[in-house]
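When we follow full-length UniProt numbering, the leftmost residue of the sequence shown carries the number 1, and every step to the right adds one.
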Amino acid sequence: MPRYSIETRKAAIAAYKKTDYKLAVCKEFNISRVTLDAWIKLEEETGSLNPKPTKKRGAPAHIK
């Protein structure tokens, strides 16, 4: 899954708020509807479009 820049996210959200038409925004920015919905939800919950920090995966390193 490609990472989208913050500018792209902001532009897509601004276009959605202006038109209130998700399908047109998705076609314009070549993103999926699920991606746009996730960005809208992220902005509503956090007030920001910065990606959530990821958790480290795997076993912790024991080498010192």
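Cβ atoms here follow ideal geometry from the backbone N, Cα and C, with glycine treated the same way. This one's a predicted model, so the numbers in the text were calculated from it and none came from an experiment.
Taking Cβ positions, are residue i and residue j nearer each other than 9 Å?
i	j	result
I6	L36	no
Would DSSP call residue i helix, strand or coil?
i	result
L42	helix
R3	coil
K18	helix
A59	coil
K10	helix
T35	helix
With residue i as the anchor, note down where its alpha helix (DSSP H) starts and where it stops.
i	result
residue 65	As shown, the chain starts at 1 and ends at 64. That puts residue 65 outside it, with no answer to give.
Residue i and residue j look like a contact to me (Cβ under 8 Å); what is the Cβ gap, rounded to whole Å?
i	j	result
K22	Y16	6 Å
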